[in-house]
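Inspection log for the structure reproduced underneath, given as structure tokens.
Number of protein chains: 2
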Amino acid sequence: MISTGNKRTRIQGINRGIILDAALEVFSTYGFRGSTIDQIADKAGMSKPNLLYYFPSKEDIYVTVLENTLEHWLTPFRDIDPDGDPIEELRKYIREKLKFSAMSPESSRLFANEILHGAPAIHEFLQSNLKRLVDEKADVVNQWIAQGKIAPVDPYHLIFMIWATTQHYADFDVQIRAILPEAAEGNGFFDAAADSVLTIMLNGIVPRQDG
Amino acid sequence: MISTGNKRTRIQGINRGIILDAALEVFSTYGFRGSTIDQIADKAGMSKPNLLYYFPSKEDIYVTVLENTLEHWLTPFRDIDPDGDPIEELRKYIREKLKFSAMSPESSRLFANEILHGAPAIHEFLQSNLKRLVDEKADVVNQWIAQGKIAPVDPYHLIFMIWATTQHYADFDVQIRAILPEAAEGNGFFDAAADSVLTIMLNGIVPRQDG
DNA sequence: GAAAAACTTGACTGAATGGTCAAATTGGAG
DNA sequence: CTCCAATTTGACCATTCAGTCAAGTTTTTC
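Chains as they are written, first to last, in my numbering: chain D, 1 to 211; chain S, 1001 to 1211.
Structure, rendered in structure tokens:
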């Protein structure tokens, strides 16, 4: 029997890690319902009962992967500094998010899929933790506006717009590659995306001289 | 036996319509794998074998719904007029897309889910029809830029940005409602979204006087 | 209004899949 | 080395679900 306490053996540490890596790949590709324990076990190189020795159920694996992903996903958002230069802070944030989309598209897709299907596993989290954090950052943006450092825009919609645009590059990857075959090569593509997004979005919120 | 030719009887027309409506609702909520024929049959108010009398398989229903949706989805994009005022044309397009997100979030989600999982059913379509159409509209944008009517931005990334932002309101609806509970009331919310998106994005591409 | 065609469905089948179990194998503390 | 706990897995079970079938009911046609 796997230990009921929190203590993990060496092998448990290793194998849980292997399973979670495999699960992220599988779940992000096929969604929760579309993935099977066998697929994950195969990718993890172990038998299904062995996998179920480490996690009590498919759902349990899914929730664990999702929670791990969420923390990673939020870090650059938390790091937005109220005392920094607004344009620079947003530029940094957008860059980080695009980098994340390029490096961990699976995480982005896992999350997108969860939200798309009504966020059954993280609805609670969205309404409490995420809402609190976004409210906090919206205040920061409002202060920037009050100080005349950026144009007056709704901070919530600005945040949604940044999320939408940056994650689009991971979530709609197939569509983008179909339209821009050169995107497949990777090199330089994300830089071009970053340039365009930053140009449009930051110009859009720089305070204007004229009416 | 259902007629092998193209001729549809009165009842066939009615029932195929009912089935496709039900299928859109179910598939957009649970995804392809997450949906069952029984669910669709229930929602359509008929027995499973009856439903399978009109469509040979689950996949066939799915593809049909998806194709119907795609046409609708593309219409406002096709309607962008090369000879119109660029800012007005883009404003109109963004408004149309947001309206579509508000009115048919199921369609948007169905499409998002398909792309997210690698577009198995419409990969072909993306690479041919969609690519051609986007290339065409990218040319239009490039002409606008050459004429100095909008700022020089990569037309493809501009298009992606519009898609990302507008569809986000349908696809990530649950997240948005968790953060902005007032969004649930609906009235005025989409107008606020439109205002913000239009302000940021159009300001971002208006040609600037200063360096 | 009767025959033919179109439609409808209860009962069923086979494959897929989440999860169990008992019997084996391996790892590690003393 | 020895023994016990931890790990591993083949075989199995129960359920779900796409799709079939044959027997009925309704609509259409003439």
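Glycine included, C-beta positions come from ideal geometry on N, C-alpha and C.
Cβ-based burial, residue i [other Cβ within 10 Å; buried from 16]
{"i": "E136/D", "result": "exposed"}
{"i": "S1196/S", "result": "buried"}
{"i": "R1109/S", "result": "buried"}
{"i": "D83/D", "result": "exposed"}
{"i": "M161/D", "result": "buried"}
{"i": "A119/D", "result": "buried"}
{"i": "N1015/S", "result": "buried"}
{"i": "H1072/S", "result": "exposed"}
{"i": "P1049/S", "result": "exposed"}
{"i": "S28/D", "result": "buried"}
Straight-line Cα distance separating residue j from residue i
{"i": "W1163/S", "j": "D1171/S", "result": "11 Å"}
{"i": "E59/D", "j": "D1060/S", "result": "29 Å"}
{"i": "A1194/S", "j": "L51/D", "result": "48 Å"}
{"i": "P1056/S", "j": "R1008/S", "result": "15 Å"}
{"i": "Y1053/S", "j": "H1157/S", "result": "45 Å"}
{"i": "E45/D", "j": "D1139/S", "result": "Strictly speaking, residue 45/D in this sequence is Gly, with Glu absent from that position. Their backbone Cα atoms lie some 49 Å apart in a straight line."}
{"i": "L20/D", "j": "N113/D", "result": "17 Å"}
{"i": "G1031/S", "j": "I40/D", "result": "20 Å"}
{"i": "D79/D", "j": "S1107/S", "result": "35 Å"}
{"i": "H1168/S", "j": "E1182/S", "result": "17 Å"}
{"i": "D154/D", "j": "V134/D", "result": "13 Å"}
{"i": "E88/D", "j": "D1042/S", "result": "54 Å"}
{"i": "P74/D", "j": "L126/D", "result": "The amino acid occupying residue 74/D in the given sequence is Leu; Pro does not appear at that position. If you take the alpha carbons of L74/D and L126/D, they lie about 12 Å apart."}
{"i": "T212/D", "j": "S1047/S", "result": "Nothing about residue 212/D can be read from this structure; chain D reaches only from 1 to 211."}
{"i": "P1105/S", "j": "R10/D", "result": "47 Å"}
{"i": "K99/D", "j": "G1148/S", "result": "32 Å"}
{"i": "K131/D", "j": "Q175/D", "result": "30 Å"}
{"i": "E1185/S", "j": "R1177/S", "result": "10 Å"}
{"i": "D1173/S", "j": "S101/D", "result": "20 Å"}
{"i": "H123/D", "j": "N1142/S", "result": "43 Å"}
{"i": "E1067/S", "j": "V1026/S", "result": "16 Å"}
{"i": "S1128/S", "j": "L180/D", "result": "12 Å"}
{"i": "G211/D", "j": "P86/D", "result": "Low confidence applies here, because G211/D scores a pLDDT of 40, under 50, leaving its location unreliable; read the following figure in that light. Answer to the nearest angstrom: the Cα atoms are 22 Å apart."}
{"i": "M103/D", "j": "F111/D", "result": "15 Å"}
{"i": "K92/D", "j": "G188/D", "result": "18 Å"}
{"i": "D191/D", "j": "I1115/S", "result": "23 Å"}
{"i": "D1081/S", "j": "D81/D", "result": "42 Å"}
{"i": "H117/D", "j": "E96/D", "result": "26 Å"}
{"i": "A1121/S", "j": "A121/D", "result": "27 Å"}
Distance CB(residue i)-CB(residue j) smaller than 8 Å
{"i": "I94/D", "j": "L198/D", "result": "yes"}
{"i": "A1023/S", "j": "V1063/S", "result": "no"}
{"i": "G204/D", "j": "I1018/S", "result": "no"}
{"i": "I1159/S", "j": "P1152/S", "result": "no"}
{"i": "G34/D", "j": "R1033/S", "result": "yes"}
{"i": "P207/D", "j": "I150/D", "result": "yes"}
{"i": "L70/D", "j": "L202/D", "result": "no"}
Near-chain S residues of the stretch 99-120 of chain D - C-beta to any C-beta below 7 Å:
Listed in sequence order: R109, A112, N113, I115, L116, H117, G118, A119.
Of all the residues that make up the stretch 1147-1160 of chain S, which are near chain D by a beta-carbon distance shorter than 8 Å?
Per Cβ criterion, the list reads A1151, V1153, D1154, Y1156, H1157, L1158, F1160.
Which residues of the stretch 31-64 of chain D have a Cβ closer than 7 Å to any Cβ of chain S? Give them in chain order.
Cβ contacts with chain S come from G31, R33, G34.
Between the stretch 1124-1141 of chain S and chain D, which residues of the former have a C-beta closer than 7 Å to a C-beta of the latter?
Listed by position along the chain: L1126, Q1127, L1130, K1131, V1134.
Along the stretch 1006-1025 of chain S, what residues have a CB closer than 7 Å to any CB found in chain D?
Among the residues of the stretch 1006-1025 of chain S, none has a Cβ less than 7 Å away from any Cβ of chain D.
Residues of the stretch 1165-1188 of chain S with a CB closer than 7 Å to any CB of chain D: list them in chain order, please.
Sequence-ordered contacts of the stretch 1165-1188 of chain S with chain D read T1165, H1168, D1171, F1172, V1174, Q1175, I1176, A1178, I1179, L1180 [C-beta pairs closer than 7 Å].
Residues of the stretch 1194-1208 of chain S in Cβ contact with chain D at a cutoff of 9 Å, in chain order, please.
Flagged, chain order: D1195, S1196, V1197, T1199, I1200, M1201, L1202, N1203, G1204, I1205, V1206, R1208.
With 7 Å as the limit, tell me which residues of the stretch 64-78 of chain D have their beta carbon closer than that to any beta carbon of chain S; keep them in chain order.
Residues: none.
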